[in-house]
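Engineer: Just so we're aligned, residue 1009 is where the sequence shown starts under our numbering, counting upward by one.
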Amino acid sequence: MNIQELDNTYVAHTYARFPVSFVSGHGSILTDENGKDYIDLGTGIAVNTFGLSDPDWKAAVVAQLGKLQHTSNLYYTEPCARLAQMLCERTGMKKVFFSNSGAEANECAIKAARLYSFEKYGEGRSTVVTLKNSFHGRTLATLSATGQDVFHTKFGPFPEGFVYADPTDASDVIRLVKETGACAVMMEMVQGEGGVYPLDKAFVAEVAAYAKENDVLLVIDEVQTGNGRTGSLYAYQQYGITPDIVSTAKGIGGGLPLGATMLGEKLTDVYTPGTHGSTFGGNPVACAGAISILSRIDDALLASVRERSEYIVNALTGAKGVKSVSGMGLMLGILTEKPAKDVIAGCMARGVVVLSAKDKVRLLPALNIPMDELKKAIAILKEVIAE
Ligand SMILES: *Cc1c(COP(=O)(O)O)cnc(C)c1O
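1. Could you spell out the range, first to last residue, of the alpha helix (DSSP H) harbouring M1339?
2. Using a threshold of 7 Å, is the CB atom of E1201 nearer than that to any non-hydrogen atom of ligand 1?
3. Spell out the partners DSSP gives D1371 in its beta bridges.
4. Would you kindly report the start and end of the unbroken alpha helix (DSSP H) that includes S1142?
5. Compare the C-beta of L1382 with all C-beta atoms of chain B and state if any pair is closer than 8 Å.
6. If you measure from the CB of Q1232, is any heavy atom of ligand 1 nearer than 7 Å?
7. Return yes when the C-beta of A1257 is under 7 Å from any heavy atom of ligand 1, and no when it is not.
8. State the DSSP-derived secondary structure class of L1148, mapped to helix, strand or coil.
9. Considering only C-alpha positions, which residue in the set Y1046, P1347, L1338 and R1316 is nearest to M1379?
10. Of the residues A1394, A1353, I1386 and E1131, which one's Cα is nearest the Cα of R1025?
11. Pull up the distance between the alpha-carbon of Q1077 and that of L1309, whole angstroms please.
12. Going straight from the alpha carbon of G1203 to that of K1075, what length do you get?
13. Go through its chain and collect everything with a Cβ distance to S1240's Cβ below 8 Å, but skip five positions before and after it.
14. The beta strand (DSSP E) spanning I1047 covers which residue range?
15. From Y1205, D1174 and P1206, pick the residue whose C-alpha is nearest to that of V1193; which is it?
16. Report buried or exposed for A1120, applying the criterion of at least 16 other Cβ atoms within 10 angstroms of its Cβ.
17. Skipping 5 residues on each side, what residues in its chain have a beta carbon closer than 7 Å to that of R1090?
18. Which value, in whole angstroms, describes the spacing of the CA atoms of N1056 and G1130?
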């Protein structure tokens, strides 16, 4: 059997995969088993922050692999401590809990919010208000937190304590907080899986102000938007708010599984030994790679992310077959006259990898994609959309 037949026979059928097997990659170029090259505008869904086989990241990972691959969280290791310091110094957050995925980072965020409220107010103040059209993960609790009805069937009973507010109406968020006695509001600054939909600044400011006045925790899911993706280190920094909890994953590990939940001032001491944990969380190899990634997301890099974003937005806005372009930085959604799946298939045939998000074509290129490759890929995308 070839790779695709083996996979179809033995791997659980949770993914509708493209009939392509990738075997290697360098920078923003992916190569399949037939030797065909593709320009990658997907980065494995916002994971390969500096592209494929990124030499600095690889060197950091290989160096750590040569020393120590894992110890468990019973002991101290340097990469974990240094990465936490880096995250806190760059965000103003106070503590970090490390896990291995976005869903786990959000589980930790939800547990932290409920624990804070329980310690301070006792039982009953446990609801988390999330937004309609959100996506927070695939575990039972994060599915429950996800504000899309399609995720709330067949796997019940689901954990209770989540209600869904209109993402365009702050008064709806506030009403639900009051009605349920919620401990937290949780949201993505740009709803990624929901169709690359950025929240309105006035909406976010109004929710944040209400939350602050009422000791309702503000939880920002930066699993997809984080780590330079939207043109700032974290997307919330462009909204002028101070979250209580920030979760991230995807791009922070640069290609290895890593989740991080950052806890602000109020939650500095919320977790105590035994209240939460993870066997792999804070793994030294994943953390060494993440230090290499984060240390390169500086002002110059972020300016070049915004520049590349502007190039794409200008090239596609008003182009033939393009209805609209949404998003921030290098997290962009394109609504096309053709169905997104036809655009994706057309691009794949012509050697460009793009993604979908709901009914849109989604672009999540490497933050350092070379301009000539980006231009070439966008030209092909434009042609496929216009065909
Ligand atoms: C991808 C994603 C998740 C889930 O992350 P996993 O690593 O797949 O568990 C959660 N929230 C958002 C906003 C995401 O984009």
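Even glycine gets a Cβ: it sits at the ideal position worked out from N, Cα and C. As the structure is a computational prediction, the values presented were derived from the model and not from experiment.
Structural biologist: Reading it off the structure:
1. In the sequence shown, the residue the question calls residue 1339 occupies position 331. Taken as a continuous stretch (DSSP letters only), M1339 belongs to no alpha helix (DSSP H), being part of the beta strand (DSSP E) at M1339 to T1344.
2. In the sequence shown, the residue the question calls residue 1201 occupies position 193. If you check the C-beta of E1201 against ligand 1, you find a heavy atom less than 7 Å away.
3. The residue labelled residue 1371 in the question sits at position 363 within the sequence shown. At residue 1371 the sequence reads Leu, which differs from the Asp that was named. L1371 pairs with L1340.
4. Stepping through the sequence shown from its first residue, residue 1142 is reached at position 134. It is not in any alpha helix (DSSP H) - S1142 carries neither H nor E in the DSSP assignment.
5. The question asks about chain B, but that chain is absent: this structure has only one protein chain.
6. Within the sequence shown, residue 1232 is the residue found at index 224, counting from 1. Under cutoff, so the answer is yes.
7. As a working mapping, residue 1257 is identified with position 249 in the sequence shown. Yes - ligand 1 has a heavy atom lying nearer than 7 Å to the Cβ of A1257.
8. Looking up residue 1148 in the sequence shown gives position 140. Correct three-state label for L1148: helix.
9. As a position in the sequence shown, residue 1379 is number 371, starting the count at 1. Here the closest residue by C-alpha is R1316.
10. Locating residue 1025 in the sequence shown gives position 17, counting from the first residue. Measuring from the Cα of R1025, the nearest candidate turns out to be A1353.
11. Mapped onto the sequence shown, residue 1077 falls at position 69. Mapped onto the sequence shown, residue 1309 falls at position 301. Rounded to the nearest angstrom, the two C-alpha atoms are 30 Å apart.
12. Sequence index remark: in the sequence shown, residue 1203 carries index 195 (1-based). Sequence index remark: in the sequence shown, residue 1075 carries index 67 (1-based). Going by the C-alpha atoms only, they are around 42 Å apart.
13. For the purposes of this step, residue 1240 is identified with residue 232 of the sequence shown, where counting begins at 1. Contacts found: Q1246, L1310 and G1337.
14. Within the sequence shown, numbered from 1, the residue matching residue 1047 stands at position 39. Residues D1045 to D1048.
15. Within the sequence shown, residue 1193 is the residue found at index 185, counting from 1. Nearest C-alpha to V1193: D1174.
16. Taking the first residue of the sequence shown as 1, we reach residue 1120 at position 112. A1120 is buried by the Cβ-count criterion.
17. Translated into positions along the sequence shown, residue 1090 becomes position 82. I1299.
18. Taking the sequence shown and counting its residues from 1, one reaches residue 1056 at position 48. Taking the sequence shown and counting its residues from 1, one reaches residue 1130 at position 122. Straight-line Cα distance between these residues: approximately 42 Å.
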